[in-house]
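In what follows, a structure is listed as structure tokens, so that the remarks can point back to it.
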Amino acid sequence: MRFKENARNPLQRTTGNLTVPELSAALICLVRSMQFVYFSKDIQCIMKREKLSNSSKLLNLSPFLDEKNVLWVSRRLQHSKLLLNHKHPMLIPSNCNICDLIIDHYHVFYLHTGVEATLANLRTQFWVTNGRFTVEKVLNKCLKCLKKLLDLTSGGNEFLEALQTSRRAKYVMEAAGMDLKKWITNDANLMEQWKKEKFDVYPVHETVNLGANETKVLGLSWNTHEDYLTTDTKSLLEFVSLDKNTKRFTLQAVGKIFNPLGLISPFTVRMKCLLQDLWREEIQWDDPLPTHIEKEWKKWCEELPHLGSLKIPRLVLDSTLLEDDVELHSFCDARKKAYGAAI
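Mapped onto UniProt numbering, the consecutive letters of the sequence shown carry residue numbers 1 to 343.
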């Protein structure tokens with residue numbers, strides 16, 4: 001919209017960031033253009049105050065036109081005192097690229113929510129025809145979500161059990177139109193069988209046959225030759241080496257720690273306690289750390305390199321044990337600053 005205005009009035013060009021009214025006007029213009037292309041017959045009927053055709057996709061939505069000729073959906077909130085765009089969503093055709101872009105925006109803005117949550121957020125402003133199917137179609141193309149979906153971690157006590165599990169997983173995902181890639185194992189025989197069956201395995205120079213293979217699993221590094229897990233601290237060490245020692249810097253450093261299994265919680269809980277003390281100080285984001293907190297922070301950073309040398313056995317229980325031989329012992333404790341449990 002601004003481009004059009006600047007083209008019409010080159011001597012009075014508007015510069016700077018786009019304003020909210022400009023963005024709203026552009027959205028209305030875009031939606032209206034889409035509606036006239038895909039819902040032209042329905043719009044003509046509404047303008048002539050005629051009933052919609054029985055074959056119309058909008059028949060059950062009770063659509064209406066506003067003063068700007070934008071098509072909206074009537075809902076149970078139509079008698080409320082809310083603003084128009086809060087009680088009536090704008091109609092969007094499902095079979096257009098702009099619709100896909102809008103759905104993708106809501107999906108990403110709300111941190112890659114699922115189909116139902118994305119659809120619910122979308123309907124606060126837009127009503128997409130064939131909404132659930134269209135949202136699902138767009139989300140199935142999200143690379144970040146696919147990456148999370150395809151990070152499958154499983155195994156078995158024996159070669160045959162692991163092979164059957166991998167075959168089932170491959171079959172199920174292929175039926176959904178997706179291929180599992182970069183298969184990796186700590187068993188050289190299983191790796192060879194995968195190759196024979198055309199599994200998409202890791203490149204030869206990265207397989208267990210060379211002995212020193214490491215791969216990522218659940219945020220940790222897995223050494224498939226010796227079968228242990230380690231924490232990759234390289235990027236965190238590079239970051240703390242900047243040595244800024246401010247509230248902002250400390251929080252950024254803690255945010256780089258990924259510990260979904262809780263295996264390094266005894267080390268990370270110290271920083272969580274330190275952050276509690278830091279918030280009590282009520283200092284500004286870029287102020288230097290108080291002396292007593294800086295001392296603890298420095299000590300934690302000095303110990304950080306040792307975290308990378310910690311080797312955690314991946315195998316928790318010996319596969320030869322019978323179920324009757326297994327006992328689970330749980331321990332828990334709580335203090336003023338933190339609580340925890342271990343099994």
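In this text, a Cβ means the ideal position worked out from N, Cα and C, and glycines have one as well.
Remember, predicted model here, so these are calculated numbers, not experimental data.
Span separating the alpha-carbon of residue i from that of residue j
{"i": "L278", "j": "W300", "result": "15 Å"}
{"i": "L220", "j": "D227", "result": "12 Å"}
{"i": "V138", "j": "R2", "result": "30 Å"}
{"i": "I264", "j": "K295", "result": "22 Å"}
{"i": "Q252", "j": "L237", "result": "12 Å"}
{"i": "F64", "j": "K141", "result": "33 Å"}
{"i": "N259", "j": "V217", "result": "11 Å"}
{"i": "T15", "j": "A25", "result": "17 Å"}
{"i": "K256", "j": "K336", "result": "25 Å"}
{"i": "T250", "j": "T291", "result": "14 Å"}
{"i": "F267", "j": "S154", "result": "27 Å"}
{"i": "D243", "j": "K272", "result": "19 Å"}
{"i": "Q35", "j": "N69", "result": "10 Å"}
{"i": "K4", "j": "S33", "result": "16 Å"}
{"i": "A162", "j": "G131", "result": "40 Å"}
{"i": "Y171", "j": "F159", "result": "18 Å"}
{"i": "E22", "j": "N9", "result": "16 Å"}
{"i": "G156", "j": "T165", "result": "8 Å"}
{"i": "V31", "j": "K311", "result": "57 Å"}
{"i": "L315", "j": "D325", "result": "16 Å"}
{"i": "C332", "j": "G262", "result": "14 Å"}
{"i": "H205", "j": "E174", "result": "Bear in mind that a pLDDT of 49 at H205, under 50, signals an unreliable position, so the number given afterwards is only what the model happens to contain. C-alpha separation (whole angstroms): 27 Å."}
{"i": "I28", "j": "S235", "result": "45 Å"}
{"i": "T231", "j": "A7", "result": "57 Å"}
{"i": "N17", "j": "H112", "result": "27 Å"}
For residue i, three-class secondary structure by DSSP
{"i": "F331", "result": "strand"}
{"i": "I184", "result": "coil"}
{"i": "N245", "result": "coil"}
{"i": "T19", "result": "coil"}
{"i": "I312", "result": "strand"}
{"i": "K195", "result": "helix"}
{"i": "E158", "result": "coil"}
{"i": "T215", "result": "strand"}
{"i": "T207", "result": "Bear in mind that the predicted position of T207 carries a pLDDT of just 42, short of 50, making it unreliable; the figure below should be weighed with that in mind. Coil, per DSSP."}
{"i": "M178", "result": "coil"}
{"i": "S56", "result": "coil"}
{"i": "F39", "result": "coil"}
{"i": "T165", "result": "helix"}
{"i": "R32", "result": "helix"}
{"i": "R8", "result": "helix"}
{"i": "Y110", "result": "coil"}
{"i": "R2", "result": "helix"}
{"i": "K48", "result": "coil"}
{"i": "N97", "result": "helix"}
Cβ distance (whole Å) where residue i is taken to contact residue j below 8 Å
{"i": "L91", "j": "L71", "result": "4 Å"}
{"i": "V269", "j": "A334", "result": "With 8 Å as the limit, V269 and A334 do not qualify as a contact, their Cβ atoms being about 12 Å apart."}
{"i": "D42", "j": "S56", "result": "6 Å"}
{"i": "T118", "j": "I103", "result": "7 Å"}
{"i": "L11", "j": "F39", "result": "About 39 Å separates the two Cβ atoms, so there is no contact after all."}
{"i": "V115", "j": "E136", "result": "5 Å"}
Cut-off 6 Å between Cβ atoms - residues of its own chain near residue i, not counting five sequence neighbours on either side
{"i": "N223", "result": "E214"}
{"i": "T134", "result": "S94, V128"}
{"i": "P313", "result": "Y228"}
{"i": "L61", "result": "V73"}
{"i": "C45", "result": "L52"}
{"i": "V240", "result": "A253, C301"}
{"i": "N121", "result": "Y106, Y110"}
According to DSSP, residues forming a beta bridge with residue i
{"i": "A341", "result": "C332"}
{"i": "E238", "result": "The partner list for E238 (beta bridge, DSSP) is empty, contrary to what the question assumes."}
{"i": "F64", "result": "W72"}
{"i": "I92", "result": "V128"}
{"i": "T230", "result": "S221"}
{"i": "I264", "result": "Answer is none; I264 lacks a bridge partner."}
{"i": "V201", "result": "W183"}
{"i": "P288", "result": "T246"}
Beta-carbon contacts of residue i that lie in its chain and below 7 Å, excluding the five residues immediately before and after
{"i": "T19", "result": "none"}
{"i": "F126", "result": "P89, M90, I92, I102"}
{"i": "V37", "result": "none"}
Close-in-space but distant-in-sequence residues of the same chain around residue i (CB under 8 Å, 5 per side omitted)
{"i": "S330", "result": "A341, A342, I343"}
{"i": "I293", "result": "L274, D277, L278, E281"}
{"i": "T233", "result": "L304, P305, L307, G308"}
{"i": "residue 348", "result": "It is not possible to answer for residue 348, since the shown part of the chain is limited to 1 through 343."}
{"i": "L328", "result": "I343"}
{"i": "E67", "result": "none"}
{"i": "W297", "result": "N245, T250, L274, L289"}
{"i": "W285", "result": "T246, K247, R248"}
Any non-hydrogen atom of the ligand NAP within 7 Å of residue i CB
{"i": "L229", "result": "As presented, the structure is devoid of all ligands, the ligand NAP included, so that no description of it is given."}
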